[in-house]
Amino acid sequence: MATGRSSPSSVADDDNNDNNNSNNNNSSNNNNNAGRFHSIRDRFRFKRNSQKPSLPTPLSSPSSLSSSSPDRHWKTSSSRSHHFHHHYNHNRSYNRKLISFCFRGKWLYLCVFLVIFVFAIASMVLQSSIMSVFRQSENARWRSVRDDLKLGSSLEFVQPPRFQYGNGLDLVRNQPRIGVRPPRIALVLGNMKKDPLSLMLSTLVKNLRGLGYMIKIYAVEDGVARSMWEEIGGRVLILTAERYNLIDWSIFDGVIADSLEDKNAISSLMQEPFCSVPLVWIIQQDTLASRLPFYESMSWEHLISHWRDAFRRASVIVFPDYILPMLYSGLDTGNFFVIPGSPKDNWAADSYSRRHSKSQSRKTYGFGKDDLLVLVFGSSILYNELSWDYALSFRDIEPLLLNFAGRSDVEERLKFVFMSGNSSDGYKEALQDITTRLGLHEGSLSHYDMKGDVNGIILMADIVLYFSPQYEQEFPPILIRAMSFGIPIVAPDLPVIKKYIVDEVHGIIFSQHNSNELVQDFSRLISNGKLTRFAHTIASSGRLLSKNMFAMECVTGYAKLLENVITFPSDVILPGDTSQLKHGSWEWAYFQKDVEDSKGIEDLQMKDVDPINSGVVYDLELEMIGFVPLMNVSTDDPEALKGEDFPNELDWDILNQMERSEEVNRLEMEELEERMEKGIGKWDDIYRNARKAEKLRFESNERDEGELERTGQPLCIYEVYDGTGAWPFLHHGSLYRGLSLSTKARRLQSDDVDAVLRLNLLHDTYFQNILCEMGGMFSIANHLDNIHKRPWIGFQSWQATGRKVSLSKKAELALEEIIQGKTKGDVIYYWAHLDVDGGFTGSNDALTFWSMCDILNGGNCRNAFQDAFRIMYGLPSHIEALPPMPDDGGRWSALHSWVMPTSSFMEFVMFSRMFVDALDNLHVNSSNRTHCILAISTLEKQHCYCRVLELLVNVWAYHSAQQMVYLNPHSGVTEEQHSVEQRRGYMWAKYFNMTLLKSMDEDLAEAADDNYYPYETWLWPLTGEVYWEGIYEREREERYRQKMDKKRRTKEKLLDRMKHGYKQRSLG
């Protein structure tokens, strides 16, 4: 997110302040041209159009600057949440330093006067020539931008504080914690090509694995880089369109998507129950940004809203530079973030230099082999025509031109090449005028635009001079390429330059607005028309530095971002600190051959398509609009499409009239058919039509085939789910029935049970979240006979399918056979055990039941359980209240995936209701009800009781002498766990006795029936039926009273007839 600041003074005020600030050296070089921006491919920004810039005319006032039409397109609106931060500096006149002389004669005075006079005239002519180029046409569409971006302003993207200044894990690392698994990250790749993005991501993955993260890699499509990714991160799963919704994202602590192409693959992340999974979405292409102005011009607001909703789902949108978030400002929801650093420029320069030579490039552009070329360029934000930046830059480099381009010994070879803009005609005319007026050598100044071979222009240079008076947030990409080519660079002392470049080691850094220092620095690089040894030394050092200049910063930035975005659960081993990162280079070893064989990546700026495939943008247009994009028409100019056959307003009016006319004709025909006489027809036809009508009326309430097949079966397994994202994980058939925890998420055309309708407590989202699957069980147990009349009942979480522990067909048949033969005894069959963790790590058999429960519940499971147990049974503080769960090597149930007799289920629900009420009582008595003692992360606090209640069935089954049998979900083989004989001496049977639980349940029901609530927010009456003997007696008395009242009324009616006789009411 960004904020905006604007200068209170107007442009006219800046002009009035010129005279007052004439002694200030920091002049209007900090000014930035206003307007919209477009991207040049491969990180150089420009707009492709064939229009020539306007002929140069002098600027009469700074107000003409405000009419400039910048080259980047973005729309600013008061309704947008993303603004740009503006720094305003008043224009101050440039103060030139004069050298004091000791005058000893009138001729000396005269010579000095003539020199100063000539120099002043030349400066005025130079300034006039340059300023004449800055005439730009009015554009009313960007008037709001011009009002904000006044003379002397610059653009800055402000990072959201919650990502930039978060505490990360500094506080969490100081807290006691026992983790059993590494943090899991899913990486979704848009493609598997070997390109600069793959180089960055491979470096990131290797470093994240070094910090302790476990990475699971998915790819939208297969490619040549698959073997490399499998070597780095293990098996790669290819996501076809059919498998997009079959990934259980809940097992991951975070998801990283690398491009717009991942949108369909991560579409399920935009649905419950995956909306809480942190998503880091990396956007490196500007394809969608270039389409946004076109969407606005076509009034495709629903398409823009669709992309805005997709961007809003991401926890953070990461860009590689500070220009892209400005282009995507229309989709900003406050989650934009920039992590600068990419090997793209190094890759392109290295690949280009292997296929081209300096002499070849010079020959192409008409320069000689012995020419000494100085390339001059400015800000990375480029415009259609010459900007104020270049006018101010010319004023500063004027002495440099006069000292070098005008010297007789090198004037034949030393040439200055200026690179900017989209067309060279206006620039060439201006530079020709400057050359003539300053008396420079013909051809010493030349200009090339950014639409040509930028790499070739850089490669042919001997020195690269970067000169931008405005504030820069990122290191200029052209400087990186120049350093990669082994060319010495000269740059001003901007903070972003000094951050990476050491003066006189990797390049030359000069003080801004100090022309004398700039001339001296060039004197150290050039001697006798050739580069000095010092120039070659710093060029070599710069080339070594540029190879991996941003690697460490990029990896550290992502590692810090993950610490601030991910909420690490209680059972996770925290990743290492970023200070442990020591590998500060890109993984070039995997890509060296591809760099050598690369064809075309260095010329990306000349292509009409984005280097990264963004077909999803056009596919979505075709799907939602039915619009086929014209690839050979500029999308920046909607006017170019007016000649195409698109429906206009008149077409839509005609279509509406046709539809209304058809509707009127249809109604008239129906009325005529009703008035016409028709034969009754045959009896068979009437019967057939009646049966068809009955069938159609019944379909709305008809249950599916699974419910029909379920009739008469002894078992029904309820699959608990919450959200449409869980639908693909549910089963169909006679054995299963869905149990939705949300009315909106209930499957259509199914007989799924709506838990919210069966239990009013679940209307409250708070209780729905803290109870999870247990809330669904309470809803089934509430008036059980109305929905379940089978001797066996089972439950299975939707997550069992995603974690590959759901029952297979073979296991289902085995379970049905066992149930049919099991007529007596209390037993529980379960097939998901406690150490199941999604297949990433091995078993944790060394952990005990209670230690594992502590790990899953913030280290407070034992304390919370025994406190709730003590409240539940009213035990004094000196009595042990934690039921023992010995470690005998057996498995424990997890994920609420089990089957038991229906009578046993009712006993378990009875116990669970009282336990949940006691557990909730602990929070009621605390000072902060929203505080959860069983959680550390925010997501765990939202589902506070869920992890304890998931394990509660084990405590109940163990101490109530239930036979515990583990069923292998794949083979169907059963194995008894924790045999009843081995439990003797450990079971607390007296606390789990059915008679005791029943009496406790009746006592609570009597208190609720008498409206005697122990505290205001008493939870127990809301979790199910409230029933005790007094209610039964009252209902019986009520039925007897109604029966006697009926008898009394009947007797009175008979007596009345005997006395008065029967009287018939009169008609009419």
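Residue numbers (UniProt numbering): 1 to 1068.
By construction, the Cβ of each residue, glycine as well, lies at the ideal position given by its N, Cα and C atoms.
Report, in whole angstroms, the separation of the C-beta atoms of residue i and residue j, which I expect to be a contact under 8 Å.
{"i": "G825", "j": "Q963", "result": "6 Å"}
{"i": "W347", "j": "A314", "result": "With 8 Å as the limit, W347 and A314 do not qualify as a contact, their Cβ atoms being about 27 Å apart."}
{"i": "R181", "j": "I573", "result": "7 Å"}
{"i": "F252", "j": "A186", "result": "4 Å"}
{"i": "F416", "j": "V376", "result": "6 Å"}
{"i": "G733", "j": "V753", "result": "Between V753 and G733 the Cβ distance is about 16 Å, and since that is not below 8 Å, they are no contact."}
{"i": "A935", "j": "G859", "result": "Going by Cβ atoms, the distance from A935 to G859 rounds to 10 Å, so no, they are not a contact pair."}
{"i": "V756", "j": "T743", "result": "5 Å"}
{"i": "V188", "j": "A265", "result": "5 Å"}
{"i": "G190", "j": "D258", "result": "6 Å"}
{"i": "L303", "j": "E621", "result": "7 Å"}
Looking only at its own chain, which residues have a Cβ that is under 6 Å from the Cβ of residue i, when we skip the five neighbours before and after it?
{"i": "S61", "result": "Note on S61: pLDDT 35, under 50, position unreliable in the model; the coordinate value appears next. Taken in chain order, the list of residues that qualify is empty."}
{"i": "S661", "result": "none"}
{"i": "R956", "result": "A quick correction: the sequence has Trp, not Arg, at residue 956. For W956, where only same-chain residues beyond five positions count, the Cβ hits under 6 Å are F908 and F911."}
{"i": "C932", "result": "K941 and C944"}
{"i": "T724", "result": "Q271 and A745"}
Quick check on the DSSP output: the alpha helix (DSSP H) that includes residue i runs from which residue to which?
{"i": "I538", "result": "R533 to K547"}
{"i": "G918", "result": "Rather than Gly, the amino acid found at residue 918 in this sequence is Ala. It spans T902 to V924 - the alpha helix (DSSP H) in which A918 sits, taken as one unbroken run."}
{"i": "A310", "result": "E301 to R313"}
{"i": "K1059", "result": "E1029 to H1060"}
{"i": "V953", "result": "C946 to H959"}
{"i": "V555", "result": "A551 to V565"}
{"i": "V616", "result": "G615 to M624"}
{"i": "V664", "result": "E649 to R675"}
{"i": "F778", "result": "E773 to A781"}
{"i": "L479", "result": "P477 to S484"}
{"i": "N344", "result": "Residue identity check: residue 344 is Lys in the sequence provided, not Asn. Element bounds for K344: K344 to R355."}
Could you pull out every residue in the same chain whose Cβ sits closer than 7 Å to the Cβ of residue i, ignoring the five residues on either side in sequence?
{"i": "M994", "result": "E907"}
{"i": "R1034", "result": "none"}
{"i": "S484", "result": "D345, N346, A349, D350, R543 and S546"}
{"i": "T203", "result": "A551, V555, W586 and E587"}
{"i": "L1055", "result": "none"}
{"i": "L169", "result": "E563 and L574"}
{"i": "A140", "result": "With a pLDDT of 35 at A140, under the threshold of 50, the modelled position of this residue cannot be trusted, and the question is left open."}
{"i": "N632", "result": "Any reading at N632 is ruled out, since the residue's pLDDT is 45, under 50, leaving its predicted position unreliable."}
{"i": "I787", "result": "V753 and I780"}
Give me whichever residues DSSP pairs with residue i in a beta bridge.
{"i": "R737", "result": "Y718"}
{"i": "Y218", "result": "V188 and L237"}
{"i": "P492", "result": "F510"}
{"i": "M419", "result": "F377 and Y448"}
{"i": "V316", "result": "V280"}
{"i": "W898", "result": "F795 and Y830"}
{"i": "K530", "result": "S527"}
{"i": "Q963", "result": "V827"}
{"i": "F294", "result": "DSSP, once it has assigned bridges, lists no residue as partnering F294."}
{"i": "V338", "result": "F319"}
{"i": "S893", "result": "H833"}
{"i": "L414", "result": "L372"}
{"i": "V753", "result": "L739"}
{"i": "V572", "result": "R181"}
Residue i lies in the beta strand (DSSP E); which residues open and close that run?
{"i": "G794", "result": "W792 to S797"}
{"i": "L187", "result": "R184 to L189"}
{"i": "L446", "result": "What sits at residue 446 in the sequence shown is Ser, not Leu. It spans L445 to Y448 - the beta strand (DSSP E) in which S446 sits, taken as one unbroken run."}
{"i": "V502", "result": "Taken as a continuous stretch (DSSP letters only), V502 belongs to no beta strand (DSSP E), as it is neither H nor E."}
{"i": "V255", "result": "G254 to A257"}
{"i": "L465", "result": "I463 to Y466"}
{"i": "Y829", "result": "V827 to Y830"}
{"i": "V180", "result": "Note, V180: premise wrong, no beta strand (DSSP E); not H, not E."}
Using a Cβ-Cβ distance cut-off of 7 Å, determine whether residue i contacts chain B.
{"i": "L561", "result": "In summary, chain B is missing from the structure at hand, where a single protein chain is found."}
inquiry  = Ignoring anything shorter than 4 residues, give me the alpha helix (DSSP H) runs that lie fully in the segment 965-1014, in order along the chain.
reply    = Runs of the alpha helix (DSSP H) inside the segment 965-1014: 980-983 and 994-1009.
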